[in-house]
Amino acid sequence: MAKQRRIVVIGGSAAGPKAAAKARRMDQHADVTIIQKDAELSMASCGYPYYVGGVFHDRNELLATPAGVVRDPKFYLNAKGIQAITNTEAMAIDRAAHTVTCTNLLSGEVQVVPYDKLVVATGANAVMPPIPGVALEGVTAMQRMRDADYLRKLADEKKAKRALVVGGGLIGIETYEALHLAGMEITGVEMLPQLLAFLDWDMAKLVENHVRSKGVRVILNDAVTEFIGRDGHVVGARLRSGGEVECDVAVVAIGVRPNVTLARDAGLAIGDRGGIAVNEYMQTSDPDIYAVGDCIEVPHLITGDRVLAPYGDLANLEGRVAGQNAVAGNTVTFPGTIMTGVCKVFDFVAGATGLSGEKSKKAGFTKAMSVVVPGPDKPHFMGGKPLVLKLVGDPDSGRILGLQCVGTGDVSKRIAAAAMAILGKLTLADVANADLPYAPPFSPALDNLITAAHCLENKMLGRFKGISCVEVKAKLDAGDDMLLLDCRSPEEYDEVRLGVGECLMPLGALRKRLNELPEDKGTEIICYCMISLRGYEAAGVLEANGYTNVKVMEGGISAWPFPREK
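So, in structure tokens, the structure goes:
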């Protein structure tokens, strides 16, 4: 009879349990053990903000299967035949002896667990700034179950009225909403000049405007240098700019750092980004040890660079690969990531996949071009909600490099489609003729992504001469001599307008009013409307009548991120 295979997994959040479950499915006779430092297993950590905000009230929902069974050690033993040891920290890996030494954090008991194959899924730790007052009561992260429990308790007791959120990334943005739902006044502080660094500035500004419209005070280009306490509890924070923010609770959400202490002490190779180095099989520098989840580095499939990608979906994918390979040998691979993400921002959504316009240039795609295209996510007669897409492509290969999408419509659908296009290395021509599902309840006849591909294709071919809202604003600030042509109806203009000295000339009247335009056919004319479709058509009319310096403001008023008159 073959020797019973011993598979040990260190870490019980997402990647670890997935690896253990896959190993069990691959070998029903293996001895599979999970060593978990926390009391809980398989926590749905991405759901913490929604638990804190009261979207649901049963804490066990974060730990349960779709059937409602809590994933505790009893569940793992009975349903999966996996021994899950909780409240136990792995202290050392002896690679020569093939053992893990761990300590029970409740009893202090030391246990040595042997393995044939080991999976390290130690996750990441929330970055806490080394500044005065960071240890005060009321200063917390939003990363572990205990953090969610603490913030939910504050929300239920309604004792905290003012919250400070440090950081404007995914977790920070979701925390804004969670604490807002809990009835708190929110101040967000971000050291960068924008929220959500995975977006280009113009797209991030639309998100920021929406956040501000919900009553959140947003402070950019600044940082917390000290938390102020009274009687051991946080009451405020000092900023680098010299200002102060009062608060009853402060959530630090400035990122996470791979937890590689155990791996490093065991002599496993650590990558340049600070994560455990693994190959495509999730195998570390030790052939008997695999690593998965937030503690590792993986390849970026567009740039080829190693990146840290602490996403729950990737953790599960990596865990599945490692679990299978730990049992069956290196038979499956995890190729890498294109950094796809999406987040809810109150009743707004922001998502991205692949490279942004700025990051494309930094990655060596020096000719990369982008286009901003707004539009409803379904026909107006079906209650379509607005979206703003920014599609990035490479003119040399025609490949799609990235998509950003924000709005109150179905952002996730467009990001998902673009992610598959990027993974499949599709070109703009491929997407421009994509056979995507259509019916009025679900999308326009031409999906927003297809329309964006048409626009970028036209731009690359020189048929569409776009100029961004940011560039238009810079020209206005510089006092450039140009004509801004609003091609909407008087009724639309009266309802909403930029108020920057534009000239109203409806598209339907343009051909009859050409005599009102500058005689100099070289005058710079920038056309636009609500989404700049009519602006594009107006540009065609002007060029056909001899005007040589005509541009279209991409995205129109829908994508204008600056203050406007109405």
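Counted from 1, the sequence shown has number 31 at position 36 by the working numbering; the numbering is strictly sequential.
Idealized CB from N, CA, C, for every residue including glycine.
Remember, predicted model here, so these are calculated numbers, not experimental data.
C-beta contact flag for residue i and residue j at 9 angstroms
i    : j    : result
A310 : V327 : no
L176 : G183 : no
I80  : I30  : yes
I249 : R233 : no
S553 : V383 : yes
I297 : G349 : yes
V95  : A18  : no
V219 : I168 : no
M500 : Y523 : no
I214 : E172 : no
S40  : G307 : yes
G397 : S355 : yes
V467 : R559 : no
L502 : L451 : no
V50  : R147 : no
Per-residue burial, residue i [other beta carbons within 10 Å of its own, 16 or more giving buried]
i    : result
T543 : exposed
M86  : exposed
L72  : exposed
M198 : buried
F376 : exposed
F193 : buried
G103 : exposed
A121 : buried
H295 : buried
A116 : buried
H205 : buried
K561 : exposed
V105 : exposed
E511 : exposed
R235 : exposed
T256 : exposed
C97  : buried
R259 : exposed
G299 : exposed
A25  : buried
Close beta carbons around residue i, own chain, < 8 angstroms, minus the five adjacent residues each side
i    : result
S407 : V337, V344 and G346
L100 : K32, N82, T83 and E84
G76  : R19, Q23 and V27
N320 : Y276, M277, Q278, Y285, T326 and V327
Cβ shell of residue i (< 7 angstroms), same chain only, five flanking positions each side left out
i    : result
G393 : T422, L423 and A424
T170 : P44, M137, V160, V246 and A248
W555 : C464 and L493
A155 : L149, M179, D243 and V244
L263 : I271, T279, S280, D281 and I284
K470 : M477
L509 : N540
V129 : M123 and F222
G42  : L57
G551 : P369, Y523, C524, M525, I526, S527 and G530
The ligand GDP heavy atom lying under 8 angstroms from the CB of residue i
i    : result
C482 : Among the ligands in the structure shown, none appear at all, so the ligand GDP cannot be discussed.
Straight-line Cα distance separating residue j from residue i
i    : j     : result
E514 : S463  : 26 angstroms
A412 : A448  : 12 angstroms
P305 : V401  : 22 angstroms
T335 : G530  : 32 angstroms
K546 : L431  : 31 angstroms
I2   : A119  : 22 angstroms
I395 : L303  : 22 angstroms
L478 : Y433  : 39 angstroms
R301 : S8    : 23 angstroms
D267 : K(-2) : 38 angstroms
G227 : E313  : 42 angstroms
W196 : S351  : 10 angstroms
R0   : P109  : 11 angstroms
A564 : P390  : Nothing can be reported for residue 564, as the shown portion of the chain is limited to -4 through 561.
Q78  : E275  : 28 angstroms
R483 : Q399  : 26 angstroms
I181 : A323  : 51 angstroms
T74  : A14   : Thr is not the amino acid found at residue 74; the sequence shown has Ala there. Going from the Cα of A74 to the Cα of A14 covers about 16 angstroms.
Residues of its chain near residue i, where Cβ-Cβ distance is below 6 angstroms and the 5 sequence neighbours each way are ignored
i    : result
D283 : K112
L316 : According to the sequence as given, residue 316 is Val; it is not Leu. M277, V327 and F329.
D142 : T135 and A136
N443 : G370, L382, L384 and R409
P12  : S37
V229 : L131, G133, V134, F222 and A245
P435 : P374 and M377
L165 : C338
G269 : P253
Integer Cβ distance of residue i from residue j, believed to fall under 8 angstroms
i    : j    : result
I520 : L537 : 6 angstroms
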